Structure formats: structure tokens, C-alpha cells
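Residue numbers (our numbering): 39 to 392.
Backbone N, C-alpha and C define an ideal beta-carbon position, used for all residues, glycine too.
The structure displayed is predicted, hence computed values, not measured ones.
Step one of this worksheet: look at the structure below.
Below is the structure:
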């Protein structure tokens, strides 16, 4: 599909989103494999190379040298909100972006989005490889986020006004935000009863961090809410495989096409929309449309991987608000993440055009 034909719809869109409620300073590192001199060294380019170094060390210690790659903002609310805002979406973000004033890494987010900060951000150490990343987070500020704290910051009247204007409301990441269920429940309680359809969007992140009972409880809550508010869940390939397993489906190439399996899992979840983004493809299933599949523009040597999934999500949200169909939403999202991987930057609309 010609992405150039889709960008006018993005330009005309007037959609608005509200995102809750995290915020991280990402300290991004590369790991040196071997050093020849002060200026010459090789890196661990693949995750399994680093894993093998650990395995080969047996029960002894592993000593490595780190090279700082960058410092950047991270998290569900700032990443997805900013990615969508760069594509023309009006974004209001709640989270932990700095106490008193914005932490410097969030200044560009604050310049483009309406931000409400509750506290100083948490910190994630990101170890980046060509084929993935390892994230290790210090969670203090995010763990302390609560609905009461959010309302103390903005007040009930402002919150209701913000939600009134919203077309899509996002809450995440589920696996990192202890107050996820509390925030979601209170957001729904504060939504105006005006007949407007407001969608909810989630990226659970690595839900292996929490037990299966907690996951099933939250999924059942989303199923219940779906009757009133269309629920959208986006996962990566690892989360997709775990989700498929819950419903007796295989995520490999065997048997039925992946879009048929995705539709079966979506029906099992009872959600309006299920999206899966993987390095080589993306697939989406919707209650209102036939499932769609799109081949990704695979980037073998990405400049930046941390934030790639959020950029895909931001592109998908922008396309949804622009009224594009399910296939077109995947194409816009793939174009957005492709630019991000190659350029280490969140794209604007003009960057999507080939």
C-alpha cells in the first residue's frame, strides 16, 4: 500500500488522547565484548551473545564495560503520547516527569503535549542490542502513582474536562504500574455520559513480570468494560505468544494464518481490537473489521530499539483517529516504527512518506 495516500488523512485528523501514568529516564548502554585499544572495541551486537557470555562464566562473576549510548525519556505515557503527537494528535499526558519542573529529558515532550507531572521520574537502564534490549527499572516513583495523587494535581473538574475531550484513553504499562486497575476504574467513573464513543488503549509490556491470576483478573475486567467502551490491546511477539498460549493457540507458522489465530484470541479475550507488532510483521483483529496482516520493513541494524513498540502504537493510534481502516492502520504504524528504528527519532507525518 502506498503510504503517501494515507498521510492526508493524518493531516486532517483532530483526534485527542489522554495517557496515564508513568515516566522513566532511560539510561541506554551498549556492552563492550572486547577492547583492543582506547578507541577500538567490539560490542555485544546480539542478545544471545551476551547471554552465552553469562552462561560460559558458570558460577563465577562476569565483569563488563559499558558505553553510554544516550539518555532519553521513556514509558507508556510519554513515549506513545509523544509518538502520536508528532503525527498530529492532541495529547494530554499524566505521569512522573519531574517534581517542580520537568526533568530535562521530558522538555521536548512538554513542548508538544499537555503534561501533568506528579513526581520525579523513575529510571530504566536499557542495554541495547541489534536484535532487542534488556530493561532494568528502578520503579519508586511509578510504584507510588495513585488516582488520589493524580486528582490532587489536576482536580476533578479539570480531569472531567480532559476526559470529555478525549477520543482514546491509554493506561499503562500494566506490568509496571501497580495502580493500573485503580486508575482504569476511576477513569471510567469520571467519563461523561454523553453518548460519545471513547476507546481505551493498552500495552501491558512484559506481563511475565506478574502472575497469571493477576493477568486473567485484569483481562476479565477489560472484557466487562468492552461492552461500554471499545478496548484495544497491543502486544509484541513475546507477549503475543504468551497470550496465545492462554487460549490454546500457537504463535508459530504452523497451521492457520496468524491473522486467523489473532482473531480467535481476540474473541476469547472479548475485546474490540487486538494488535500484535513483531520485528518481521504486524497483525490486527477487530470486532468490526476482518483481520489484517502487514509485512514489516525489517531493520537488521537499528540505530535505536528502546521505544520502537511505543512508536508503532503511536502510529496505530494516530491512524485510528484519522479514520483509516485496519490494514491502513498497520501500514501507518509500520512506517512509523521503521523510521524510528533507522533514524532514532519519532517521525512526523512527512517522514512516513516514501
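What is the rounded straight-line gap between the Cα of residue i and the Cα of residue j?
i: residue 201; j: residue 235; result: 12 Å
i: residue 313; j: residue 244; result: 15 Å
i: residue 52; j: residue 230; result: 20 Å
i: residue 43; j: residue 50; result: 13 Å
i: residue 91; j: residue 61; result: 32 Å
i: residue 387; j: residue 370; result: 10 Å
i: residue 233; j: residue 150; result: 29 Å
i: residue 204; j: residue 144; result: 22 Å
i: residue 362; j: residue 348; result: 19 Å
i: residue 356; j: residue 125; result: 6 Å
i: residue 238; j: residue 304; result: 15 Å
i: residue 191; j: residue 156; result: 7 Å
i: residue 169; j: residue 346; result: 12 Å
i: residue 167; j: residue 302; result: 33 Å
i: residue 306; j: residue 56; result: 27 Å
i: residue 141; j: residue 158; result: 7 Å
i: residue 390; j: residue 380; result: 12 Å
i: residue 367; j: residue 289; result: 22 Å
i: residue 325; j: residue 376; result: 27 Å
i: residue 115; j: residue 208; result: 8 Å
i: residue 172; j: residue 249; result: 20 Å
i: residue 311; j: residue 319; result: 17 Å
i: residue 110; j: residue 228; result: 33 Å
i: residue 263; j: residue 222; result: 10 Å
i: residue 40; j: residue 373; result: 11 Å
i: residue 148; j: residue 198; result: 21 Å
i: residue 186; j: residue 177; result: 19 Å
i: residue 297; j: residue 279; result: 13 Å
i: residue 251; j: residue 75; result: 51 Å
i: residue 254; j: residue 277; result: 14 Å
i: residue 225; j: residue 82; result: 44 Å
i: residue 93; j: residue 293; result: 35 Å
i: residue 139; j: residue 54; result: 24 Å
i: residue 327; j: residue 358; result: 13 Å
i: residue 105; j: residue 45; result: 38 Å
Would you identify the three-state DSSP class for residue i, choosing helix, strand or coil?
i: residue 330; result: strand
i: residue 373; result: helix
i: residue 67; result: strand
i: residue 251; result: helix
i: residue 120; result: helix
i: residue 217; result: coil
i: residue 292; result: coil
i: residue 37; result: Lying before the first or after the last residue shown, residue 37 is absent from the chain, which here runs from 39 to 392.
i: residue 89; result: helix
i: residue 263; result: helix
i: residue 202; result: helix
i: residue 272; result: strand
i: residue 131; result: strand
i: residue 140; result: coil
i: residue 256; result: helix
i: residue 282; result: helix
i: residue 225; result: helix
i: residue 112; result: strand
i: residue 179; result: helix
i: residue 312; result: strand
i: residue 162; result: strand
i: residue 335; result: coil
i: residue 389; result: helix
Enumerate in chain order the residues of its own chain whose CB-to-CB distance from residue i is below 6 Å, with the five nearest sequence positions on each side excluded.
i: residue 132; result: 58, 59, 154, 188
i: residue 103; result: 70
i: residue 152; result: 130
i: residue 242; result: 212, 213
i: residue 360; result: 47, 48, 51
i: residue 73; result: 79
Which whole-angstrom value is the C-beta distance of residue i and residue j, which I expect to be below 8 Å?
i: residue 256; j: residue 219; result: 6 Å
i: residue 67; j: residue 164; result: 7 Å
i: residue 332; j: residue 365; result: 7 Å
i: residue 64; j: residue 112; result: 4 Å
i: residue 378; j: residue 342; result: 7 Å
i: residue 261; j: residue 210; result: Residue 261 to residue 210, Cβ: 18 Å. No contact.
i: residue 329; j: residue 300; result: 6 Å
I'd like to know if residue i contacts chain B, where contact means its C-beta is closer than 8 Å to some C-beta of that chain.
i: residue 366; result: The structure shown contains no chain B; it is built from a single protein chain.
Please list, in chain order, all residues of the same chain as residue i whose beta carbon is under 7 Å from its beta carbon, the five residues on each side excluded.
i: residue 247; result: 213
i: residue 134; result: 60, 61, 155, 156, 157, 158, 159, 160, 179, 180, 183
i: residue 382; result: 341, 342
i: residue 84; result: 167, 168, 169
i: residue 216; result: 181
i: residue 123; result: 129, 150, 151
Whose C-beta lies closer than 8 Å to the C-beta of residue i among residues of the same chain, with five residues either side of it excluded?
i: residue 175; result: 62, 160, 161, 162, 163, 214
i: residue 107; result: 66, 67, 68, 166
Next on the checklist: Is it the case that the stretch 274-287 contacts the stretch 326-341, given that we only count it when at least three CB pairs across the two stretches are under 8 Å?
Outcome noted: no
Checklist entry - Is there contact between the stretch 305-323 and the stretch 263-273, where contact requires at least three CB pairs shorter than 8 Å? => result yes
Item to check | At least 3 beta-carbon pairs within less than 8 Å: the stretch 352-370 vs the stretch 112-127 | outcome: yes
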